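In the working numbering, the protein residues as written are 161 to 431.
The structure under discussion appears below in the form of structure tokens.
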């Protein structure tokens, strides 16, 4: 059944803590999702949840949370647990799409061990933990990041379009983090690292995935440089909302976007 031919599709995108977690231009991820929905003929409604706002279950198709300074990240933790955690945890367990970038990614986990050995409670959305650099790891993870998607994810993305579309198996971005993130049980890496660090100095993997929850250290912003992954998030949200795996997206040309992507791959990526 091709639902999208019979009605106008719509998605609700919720931006978590835009007033606090707003560094490094990661608002570009929200703008990209909005614009691509517009170009694809999908109505996109933007909702913001700030300090003091309560989340309502079943009202969001895609959540986004960016990064902020340490004080801003700490400021949202208590608010999240009091007003949002139960709802968003239920939504993500029901496969609502969620993207957290850098500080937003770190906060999605269970704990963050600070440099003074003080443990800060995370949001508990996925089973990861982050710790500040230790005596063995003193440097920041900073620079261009080129990673390769797992074959099963790449194959699935190739099936989401109405017409065949050539897409890269890579994701690109820019990382700048001191925290070292470690994945627990039932959480898979988002991708394997070709160039750069990713989750930590030793991992050789970048980001995390649990159901339709994604975490990444990619600034840049992430989605403008990786339009195929933005489409994947939109498709996941649509097929979940409308309970129709046969929904397909128009294959947008993305000439400039893919050219910028491939420039970074060719300049920084390792064979």
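By construction, the Cβ of each residue, glycine as well, lies at the ideal position given by its N, Cα and C atoms.
Being a predicted model, the structure only gives us computed values, none of them experimental.
If contacts are defined as beta-carbon pairs under 8 Å, then residue 184 and residue 227 qualify, I think. What distance do you get, rounded to the angstrom? 6 Å
Delimiting residues of the alpha helix (DSSP H) encompassing residue 197: 187-199
Which residues in the same chain as residue 252 place their Cβ atom closer than 7 Å to its Cβ, once the five residues preceding and following it in sequence are excluded? 258, 285, 371 and 373
Using only the alpha-carbon positions, how far apart do residue 406 and residue 321 sit? 10 Å
Between the CA atoms of residue 277 and residue 203 - distance to the nearest angstrom: 46 Å
Below 8 Å on the Cβ atoms is my guess for residue 358 versus residue 307; work out the distance and round it to an integer in Å. 7 Å
Nearest-angstrom Cα separation, counted from residue 167 out to residue 367: 35 Å
Straight-line Cα distance separating residue 410 from residue 338: 39 Å
Can you tell me whether residue 327 is buried or exposed? The criterion is at least 16 other CB atoms within 10 Å of its CB, across all chains shown. buried
Is residue 432 helix, strand or coil when you go by DSSP? Nothing about residue 432 can be read from this structure; the chain reaches only from 161 to 431.
Can you give me the Cβ contacts of residue 301 inside the same chain, cut-off strictly under 6 Å, excluding the 5 residues immediately before and after it? 335, 337 and 357
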